[in-house]
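*Asks:* Starting off with a structure, shown below.
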Ligand SMILES: [Cu+2]
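Numbering (my numbering), first residue to last: 6 to 73.
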């Protein structure tokens with residue numbers, strides 16, 4: 006189990022934070038995802054045996070937001 010905090014550009018409202026969280030939560034291995042609109046971050050708890058950080062970043066990018 007690991008946790009990471011990613012910097013995400015492009016989230017402008019609570020709908021955006023929900024979209025990012027939900028995109029991440031659909032992934033196998035992601036236990037928790039919490040986006041902070043003001044800090045422009047997403048905190049993610051995930052199982053490194055199932056999923057890697059680059060896949061988390063790709064999912065956020067595919068949802069239309071940019072991981073810095
Ligand atoms: Cu929005």
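Glycine included, every Cβ here is placed at the ideal spot set by N, Cα and C.
1. Do residue 17 and ligand 1 come close, with the Cβ less than 7 angstroms from some heavy atom?
2. Taking all protein chains shown into account, do 16 or more other C-beta atoms lie within 10 angstroms of the C-beta of residue 16, making it buried, or fewer, making it exposed?
3. Distance check for residue 70 and residue 52, CA to CA, integer angstroms please.
4. So, with DSSP's three-state summary, where would you put residue 58?
5. Would you say residue 54 and residue 25 are within 8 angstroms of each other, going by their C-beta atoms?
6. Would you please state the rounded distance, in angstroms, between the beta carbons of residue 40 and residue 22? I believe it to be under 8 angstroms.
*Replies:* Taking the structure as given:
1. Locating residue 17 in the chain shown gives position 12, counting from the first residue. When distances are taken from the beta-carbon of residue 17 to the heavy atoms of ligand 1, the shortest one is below 7 angstroms.
2. Translated into positions along the chain shown, residue 16 becomes position 11. Residue 16 comes out buried.
3. In the chain shown, the residue the question calls residue 52 occupies position 47. In the chain shown, the residue the question calls residue 70 occupies position 65. The alpha-carbon atoms of residue 52 and residue 70 are separated by roughly 23 angstroms.
4. Position 53 of the chain shown holds residue 58. In this structure, residue 58 counts as helix in the three-state DSSP scheme.
5. To locate residue 54, count along the chain shown from 1; it is residue 49. To locate residue 25, count along the chain shown from 1; it is residue 20. Contact flag unset, no.
6. The residue labelled residue 40 in the question sits at position 35 within the chain shown. The residue labelled residue 22 in the question sits at position 17 within the chain shown. Under the criterion of beta carbons closer than 8 angstroms, residue 40 and residue 22 qualify as touching, at roughly 4 angstroms.
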